[in-house]
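Using full-length UniProt numbering, the first residue of the sequence shown is number 1, and each one after it goes up by one. Ideal placement from N, C-alpha and C gives every residue a C-beta, glycine not left out. Step one of this worksheet: look at the structure below.
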Amino acid sequence: MARWLPRSTDLTRFCQKLNRVKTLEDDMMETSFNRCLSTIDLTLLGIGGMVGSGLYVLTGTVAKEIAGPAVIISFIIAGFASLLAALCYAEFGARVPKTGSAYMFTYVSVGEIWAFLIGWNVLLEYMIGGAAVARAWSGYLDSIFNHKIKNFTETHVGTWQVPFLAHYPDFLAAAILLVATTFISFGAKVSSWLNHVFSAISMGVILFILIMGFVLAQPKNWSTQEGGFAPFGLSGIMAGTATCFYAFVGFDVIAASSEEARNPQRAVPRAIAFSLGLATGAYILVSVVLTLMVPWHTLDPDSALADAFYRRGYAWAGFLVAAGSICAMNTVLLSNLFSLPRIVYAMAEDGLFFQVFSRVHPRTQVPVIGITVFGLLMALLALVFDLEALVQFLSIGTLLAYTFVAASIIVLRFQQQKVDVPAPATSGQPNPELHEGPSTGELKEYESFSDKLQLVDRDKSKEHREPGQLKAAFEPYLEFLSDFYPGEVVTVAVVTLMVSAICLCSVLVFGNTHLHLPTWSYSLLLVLFSLGFLLSLLLIWAHEQQHNTQTFQIPLVPLSPALSILLNIYLMLKLSYMTWLRFAIWLLLGLLVYFSYGIWHSKENLREPRVQRVSARYVVFPSGSLEERVQAVQPSAQPAAGLPDTDTDDHKR
């Protein structure tokens, strides 16, 4: 029976395959795409992804049902929380200017299977998000014409009473997706130009809303007679923050477009900062004028802005608001259709997804096959499926991607920078210059034992410490950690930090409701898991990190990414159990695709380690211990039968 069990070496090799990281090219600016996007182009793409129908619907819904006029505070807190995730994307987008967004960032730092699962979830997120926006666009336009389109479809086509299918086929939603897919396939420049047009109209309407809103503002609508500024208290503000957080989802389109940016090192961080700042300002100011124009408790959640202008005697302004809403939804559609094929392209280019999607059209320089196929799938979703039950799935996919990107920032920041190692000499002689510096991670090889002793003393006397090594100030107290390879302790600490965050958030979310914990055990668990989180954070901080002045770096690492991880996990646990069930089923389908195709076709399979031929060498491990390893030299050609192996015999002598 034992022979059927896998050997430990096989299990180790299998785990190494799952966690192998992507090897980046020397010239990361080389691409088959067209680098034509400027900072303004990327900024407007980001604004288009964030300022959609939520500005016209979400503000009124949160103000009336959750937070009251304090929705302003909710948007400020949500904007700050989104900033933590956005800064992580900004650092990666400048450092790794390749398409793929969260998938690519996870692949270069955490591991292959995690990157695939992130890409797999983002893929579904964009498909459902685009289809849901298309149906909202269709419904909004239909409401302007008194639902004539819906009535015509139900009369002449019919209705369905099938689970998971829509009540009637939405041909208008499918049509707008097909039109948008056509424009996207013409190239990045055409897509950017179209986004500029819709964004300009949308921002013009927002400017009109703000000017007219402040003119019509009545401060008494925040008075105690109307319920006050924060009628639902702090709990309402925080509940509103959780809802408003999803309004800022969309800035990752900038990171997904970094391979088409002219100067990604500067353009990506600036575009993310500008777009997030403008979007946050728009949400805050629109919330201010909306709650000052009419009392918050009288708002219409479905069309708050249009209804507010109508009640103040400006019914004609409702048409402008409707035009702005449709243009805003168009920019979100373009953002989804722009990002999705590029993430699929990145996965296919790495061999983890079907190779046909890695083809780039030679003239338009975009992945036309991916754009066409996934545009059609998105149109099919919008045509026949009931997306109301699937919309919450968008949240869990986005939050999971944010979490892994934040963890990847910590891991990559405390890793040693990879440098090219010169090829060994071809003459069979040992290379006396081959050694291991603190920054290369290669084995040291010296001509004599005395040389080794001198260089060990010289290395220990150096004050400079490489990323991933323990800081000199902590070495007297944590000396036992000096024996680990640079970066290993940080990786374990990141895993511990994430486990502590999951346990801490689980107690906060389920402790009093589902688990019914007594007060003493609830408090004790909070303290224990908080200590685990803080100790992991301190252990990471006790190590040296990379300091790169050439590209943007997020400040306060590891604190900023750790706070982002904690917030994202908390929001994920607040989602319903049905969302988690659907998420688990989609993950199982992704694992099936990965183990049946991705793991076998991954391009990292082609990168085999080179075997170096040496006769004898002294090997210095990072801990500073010494071990003599004697290896027999294998001749390049097998000796004839009956003849001795002279190299081996000489070596034995």
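The three-state secondary structure of H543, taken from DSSP, is strand. Remark: C-beta atoms of G48 and I343 do not approach each other more closely than 8 angstroms.
Using a Cβ distance threshold of 8 angstroms, S536 and T496 count as a contacting pair. V51 and G130 have their C-alpha atoms roughly 14 angstroms apart. In the assembly as shown, D41 is a buried residue. Its beta-carbon has 16 or more other beta-carbons within 10 Å. For a cut-off of 8 angstroms, the C-beta gap from S275 to T43 is around 5 angstroms, short enough to register as a contact. I371 sits close to T181, with the two beta carbons spaced by under 8 angstroms.
Taking all protein chains in view, the Cβ of P367 is crowded by 16 or more other Cβ atoms within 10 Å, so the residue is classified as buried. Under DSSP, F385 shares a beta bridge with L165. Comparing alpha-carbon positions, the option among A279, I565 and D170 lying closest to C88 turns out to be I565. Residues D300 of the same chain have their beta carbon placed closer than 6 angstroms to that of D307, with the five preceding and five following residues left out of the count. A contact is defined here as three or more CB-CB pairs under 8 angstroms, and the stretch 192 to 205 fails this definition with respect to the stretch 401 to 420.
The beta carbon of A217 sits closer than 7 angstroms to the beta carbons of V289, L292 and M293 from its chain, once the five residues preceding and following it are set aside; these are given in chain order. For V253, the uninterrupted alpha helix (DSSP H) run begins and ends at D252 to A256, by DSSP. Collapsing the DSSP output to three states places A315 in coil.
With a threshold of 16 other beta carbon atoms within 10 Å, I569 meets it and is buried. In this structure, DSSP gives L37 an extended state, which the three-state scheme calls strand. With a cut-off of 8 angstroms on Cβ pairs, the stretch 198 to 212 is not in contact with the stretch 25 to 40, counting fewer than three such pairs. In the displayed model, L470 falls within a strand according to three-state DSSP. Taking 8 angstroms as the cut-off, the Cβ atoms of S602 and E112 count as close. When only Cα atoms are considered, W114 and N19 end up about 8 angstroms apart. In the structure shown, A247 adopts helical secondary structure according to DSSP, grouped into three states. Boundaries of the alpha helix (DSSP H) around P561: L559 to L573. If you check the CB distance, A85 and Y402 come in under 8 angstroms. Rounded to whole angstroms, F338 and D483 show a C-alpha spacing of 47 angstroms. Counting along the chain, the unbroken alpha helix (DSSP H) around W580 starts and ends at Y577 to V593. For V373, same chain residues with a beta-carbon under 7 angstroms away, outside a window of 5 residues either side, do not exist.
Taking every protein chain shown into account, the CB of A584 has fewer than 16 other CB atoms within 10 angstroms, so this residue is exposed. Between the stretch 223 to 231 and the stretch 353 to 368 there are fewer than three inter-stretch CB-CB distances shorter than 8 angstroms, so the stretches are not counted as touching. Assigned with DSSP and collapsed to three states, A217 falls in coil, not helix or strand. For a cut-off of 8 angstroms, the C-beta gap from L333 to I176 is around 7 angstroms, short enough to register as a contact. When rounded, the separation of the alpha-carbon atoms in A406 and V110 is 11 angstroms.
In this structure, F510 is the residue among A346, L575 and F510 with its C-alpha nearest to the C-alpha of L526. Between the C-alpha atoms of V593 and L117 there is a straight-line separation of about 10 angstroms.
With contact defined as three or more Cβ pairs closer than 8 angstroms, the stretch 262 to 273 and the stretch 66 to 74 are not in contact.
The three-state reading of DSSP puts A230 in coil, since its state is none of H, G, I, E or B.
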